[in-house]
Each structure stands twice: as structure tokens, then as C-alpha cells.
Ligand code: NMX
Ligand code: MLT
């Protein structure tokens with residue numbers, strides 16, 4: 011085994027011991043009550059999952075194994091001459107709970123470069139799709155095609171002990187993360203660059219090589235990709251992509267099947283597709299107002315118009331967060347350093363100045379502040395990645411780091427099939443008036 015895998019096993023054995031003790035000593039401890047409203051309203055605030063890789067505080071935002079985004083930007087190793095953290099380092103932190111040093115990160119870059127080969131039949135499957143198929147659909151299908159490579163599925167079919175599940179899920183995780191940038195870049199070059207593909211450069215880090223395969227050599231864009239791949243990687247376990255990956259994995263579907271399911275959730279406009287929707291919304295506003303730089307007054311009117319049409323203002327609001335998303339702030343800081351005069355970036359900042367008060371004034375939107383998706387597209391456009399329907403694929407490549415590290419933990423901890431109870435409204439009507447109901 012490689013040293014990262016050895017260390018993971020050691021950590022998992024230790025945590026397994028802690029969990030046994032926790033259940034034995036505190037198994038009956040109540041961590042909350044469930045109300046009728048919560049059952050109807052998307053299970054908000056209902057604690058029902060274990061996810062070790064990150065934890066979200068509604069005011070402070072995400073912490074990865076205890077580290078906030080500003081702390082990650084400070085402490086995670088960077089590429090030679092680079093300014094942003096290498097996402098390999100975040101994966102190391104999420105998987106092992108320890109900050110890596112530069113050698114650890116270089117080791118992961120090399121391991122993923124070595125495992126990155128994508129068989130030709132995967133490209134053939136993608137080629138069979140009409141080129142105007144949405145990139146997220148192509149990506150999900152590409153991952154499904156790769157499923158033939160699953161080591162976990164092959165070993166499971168041979169008959170393996172439950173104690174060994176983690177081992178093969180770990181192998182699939184490392185292979186899948188290694189291969190995703192190649193599949194994603196293939197889709198980008200196929201759809202927007204006439205199939206003029208760019209070969210990987212095995213000497214580069216994971217995000218740098220991804221930027222290279224997409225066709226971008228500007229070092230500012232490489233820095234953006236490293237930051238982007240780091241901040242989108244994980245957002246605790248309850249978000250749609252993480253929860254779906256975990257749920258499907260709980261049926262012992264292999265990492266390819268589980269992650270493809272998560273990607274399909276990420277492709278929804280209330281989740282990851284919001285990064286595409288933000289840019290479309292801004293561009294529609296620019297078109298409607300016939301200006302590249304709408305004033306704050308014009309933006310305010312356009313927001314009110316969007317709300318009056320019964321639509322959401324994309325990039326604003328969150329199911330858990332109640333303050334500006336620190337992932338938005340990190341991108342704003344990046345913009346202030348790299349492209350403060352870009353008109354689209356400035357429009358994003360102007361929206362930020364006027365939107366919260368208007369959203370708050372509706373009295374129903376619980377979080378009027380921007381989320382991660384409010385900013386990302388403007389930075390990508392600045393560097394020339396202008397095709398917004400590809401943006402959620404970038405989110406998906408990054409999200410693999412968190413949800414697959416979590417899947418390794420799920421199997422190492424032997425977490426069971428996830429199967430919550432559901433009831434009918436008829437059942438609840440009886441329950442609330444004290445009528446005995448039997449659901450068995
Ligand atoms: N614009 C207009 N209405 C909104 C917005 C918004 N940005 N955010 C929430 N609302 C509405 C929401 O639709 C709901 O309306 P109704 O009662 O008529 O059904 C009401 O406000 C209460 O919703 P909340 O409890 O504040 O939000 P909820 O937890 O249900 O939903 C989101 C969270 C993220 C789905 C919601 O804020 C939204 O649709 N935002 C826009 C889409 C977006 O940016 N999604 C990306 C999230 C981040 N990510 O990457 O996944
Ligand atoms: C995410 O990154 O997954 C989103 O912010 C959505 C969420 O946390 O619910």
C-alpha cells in the first residue's frame with residue numbers, strides 16, 4: 011500500500027474505535043427533534059448524516075477539518091511560484107485530517123498523473139452524443155462509461171469481505187479523481203474547440219494540468235483553477251451532490267456509479283448549475299438594458315423584475331448559510347488582485363451591493379447573501395473561459411475531491427445502507443390529533 015493509504019487505514023481504525031465507544035456510551039443521546047414542518051420543507055436543520063471531511067457553520071461558512079478558507083489559502087502548499095493552494099493538499103487534509111507538506115502534495119500530483127489514463131472507449135461513448143448535449147450530461151455519461159474500470163465492482167463480484175470494501179473504494183477514488191480532468195477537458199475541447207484535443211502534461215499538478223488540457227496557459231488562469239478546485243470541493247454532507255453520492259454509495263454502488271449520481275444532482279439549477287444561471291442572468295440583464303455596465307439603480311430594478319416574474323435571483327440564498335459565503339469572498343479577493351477593472355466582475359460586485367437589501371425586503375428569503383456561484387463565472391469569463399454551460403463541469407471535477415474522500419470514509423467506517431422512514435400526509439393528519447398509527 012502507498013503511505014497515504016496506510017495512514018488512512020490507521021486513522022480509520024482509530025475512528026472506528028471512537029465511534030463504537032460513542033454508540034455504546036451515548037447511543038441514546040438526543041441530538042434534535044423532528045417537526046412536521048421540517049419533514050415537508052426539505053429536512054432543513056435536521057441532523058441525520060455523518061460526514062468527516064468538512065463542517066458548515068451557518069454564519070462562518072465552511073471549515074475543512076477545522077480550517078476555514080482563508081486558513082487553507084495560507085497553510086496549504088502552493089505550486090512553485092503559485093499564489094493559490096493546490097487542491098491535492100485539500101484532498102490530503104479531508105482524507106487524513108492532517109495538513110500536508112509540499113512532498114505529500116507532490117506525491118499526490120504524481121500518483122494522480124500516473125493513474126490518469128482514460129480508455130478510448132470512454133471518448134467513443136462521449137462522441138456518440140450529439141455535440142450540443144449539455145456538458146454536464148456528457149460528463150455524467152463519461153463517468154458512467156468509465157464505470158467499467160471499477161475495481162470495487164470487480165472485486166465485489168468475486169466476493170470480498172466487508173472489511174475490505176474501503177480498500178477498493180479507495181483505489182477507485184484515486185483513479186476516478188485522476189481521470190476526471192481528462193474527461194472534462196475532452197468534453198470542453200469537443201464541444202467548443204472543434205475536437206482539437208490537448209494531451210495531458212504529466213509533470214504538472216492536477217489543476218494546472220486540467221487548465222492546460224482545457225487550452226489555457228495563462229498563469230493567472232492556473233491560479234484561478236487551483237483556487238476554484240479547492241473552494242468547490244466540499245460543503246459538508248447534506249448538499250445534494252454530497253448527499254446523493256453518499257446515499258447511492260450506501261447501496262454499495264461503486265464510486266463511479268455513486269459520483270455520477272452526485273453529478274446529476276449538481277446539474278440542477280438550485281445547486282451547481284446556478285453558476286451557469288448567474289452568468290445567463292447577468293447577460294440577459296445587460297442585453298435588456300443595452301449596456302455592459304448597468305448602474306446599481308438599474309441592477310436593483312432588474313432584481314425586482316426577476317422576483318416579480320416568480321424567478322429566483324441565481325447565486326443568492328442558501329439552505330444553511332446565513333451570511334456571505336466565504337467562497338464568494340475568496341473569489342472577490344482574487345478578482346481584486348487579478349482583474350479589478352473587468353466590467354463583468356464589477357457588475358458582480360455591484361449586484362452584491364444592492365441585492366441583499368432587496369431580497370431581505372421580501373421577508374421570506376432566509377439568506378439574502380451571495381453563495382459561491384454568484385462570483386465564479388465572471389472570473390472564468392475574464393480569462394476567456396466564456397462558455398457558461400461548461401461551468402458546472404468545473405464544479406463537478408472539484409466536488410469529486412470531497413465526496414469521494416467521504417465515500418472512502420463511509421466504507422472504512424462500515425456505514426450501513428441509508429434508508430430513512432417516510433410517511434404520508436394521511437398518516438401525519440392522524441398523528442397530530444393523537445390518533446394511534448401503525449406504520450409497520
Ligand atoms: N431568489 C428568489 N427567491 C429566493 C431566493 C433567491 N435567490 N432564495 C430563496 N428564495 C425563495 C425560495 O424560493 C422560497 O420561496 P417560496 O417560499 O415561494 O417557495 C423562499 O425564498 C424561502 O426559501 P429559503 O428558505 O430562503 O431557501 P431554501 O433553503 O429553500 O433554498 C436555495 C436555498 C439555494 C435553493 C435558494 O436560496 C435559491 O433558489 N437560490 C438561487 C439558486 C442558487 O443560487 N443556488 C445555488 C446554491 C449554492 N450551490 O452551489 O449549490
Ligand atoms: C454546495 O456547495 O454544495 C452548496 O453551497 C449547496 C449546499 O451546501 O447546500
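Residue numbers (my numbering): 11 to 450.
Note that the Cβ used here is the ideal one computed from N, Cα and C, for glycine as well.
Where residue i sits in the DSSP three-state scheme
i: residue 72; result: strand
i: residue 335; result: coil
i: residue 431; result: coil
i: residue 96; result: coil
i: residue 145; result: helix
i: residue 30; result: helix
i: residue 139; result: coil
i: residue 366; result: helix
i: residue 67; result: strand
i: residue 88; result: strand
i: residue 238; result: helix
i: residue 131; result: helix
i: residue 39; result: coil
i: residue 106; result: helix
i: residue 277; result: coil
i: residue 226; result: coil
i: residue 214; result: coil
i: residue 54; result: coil
i: residue 206; result: coil
i: residue 375; result: coil
i: residue 170; result: coil
i: residue 446; result: coil
i: residue 114; result: helix
i: residue 321; result: coil
Cβ pair residue i, residue j closer than 7 Å
i: residue 386; j: residue 285; result: yes
i: residue 325; j: residue 377; result: no
i: residue 416; j: residue 147; result: no
i: residue 188; j: residue 122; result: yes
i: residue 429; j: residue 175; result: no
i: residue 258; j: residue 277; result: no
i: residue 185; j: residue 125; result: yes
i: residue 37; j: residue 243; result: no
i: residue 382; j: residue 309; result: no
i: residue 389; j: residue 234; result: yes
i: residue 384; j: residue 338; result: yes
i: residue 64; j: residue 246; result: yes
i: residue 392; j: residue 351; result: no
i: residue 380; j: residue 362; result: yes
i: residue 427; j: residue 260; result: yes
i: residue 96; j: residue 87; result: yes
i: residue 348; j: residue 169; result: no
Neighbourhood of residue i by C-beta distance below 8 Å, restricted to the same chain and skipping five residues each side
i: residue 281; result: 249, 250, 251 and 275
i: residue 304; result: 295, 296, 312, 357 and 360
i: residue 220; result: 191, 194, 195, 235, 239 and 407
i: residue 132; result: 152, 155, 156 and 193
Residues sharing a beta bridge with residue i, DSSP
i: residue 353; result: Answer is none; residue 353 lacks a bridge partner.
i: residue 380; result: 326
i: residue 393; result: None; residue 393 has no bridge partner.
i: residue 77; result: 74
Close Cβ partners of residue i (< 7 Å) along its chain, the five nearest in sequence each way excluded
i: residue 222; result: 208, 211 and 214
i: residue 98; result: 115, 118, 119, 215 and 216
i: residue 288; result: 324, 325, 383, 384 and 387
i: residue 410; result: 186, 187, 190 and 269
Same chain, Cβ closer than 6 Å to residue i, five either side skipped, listed in chain order
i: residue 107; result: 75
i: residue 224; result: 195 and 198
i: residue 330; result: 66 and 68
i: residue 135; result: 155
i: residue 183; result: 265, 414 and 418
Counted within 10 angstroms of its Cβ, other Cβ atoms place residue i as buried (16 or more) or exposed
i: residue 179; result: buried
i: residue 265; result: buried
i: residue 240; result: buried
i: residue 302; result: exposed
i: residue 371; result: exposed
i: residue 190; result: buried
i: residue 89; result: buried
i: residue 110; result: buried
i: residue 335; result: buried
i: residue 201; result: buried
i: residue 104; result: buried
i: residue 26; result: exposed
i: residue 177; result: buried
i: residue 292; result: buried
i: residue 94; result: buried
i: residue 355; result: buried
7 Å Cβ cutoff, residue i in contact with chain B
i: residue 67; result: Among the chains in the structure shown there is no chain B, since it carries only a single protein chain.
Contact test: residue i Cβ vs the ligand FAD heavy atom, cutoff 6 Å
i: residue 69; result: Ligands displayed in this structure: the ligand NMX and the ligand MLT; the ligand FAD is not among them.
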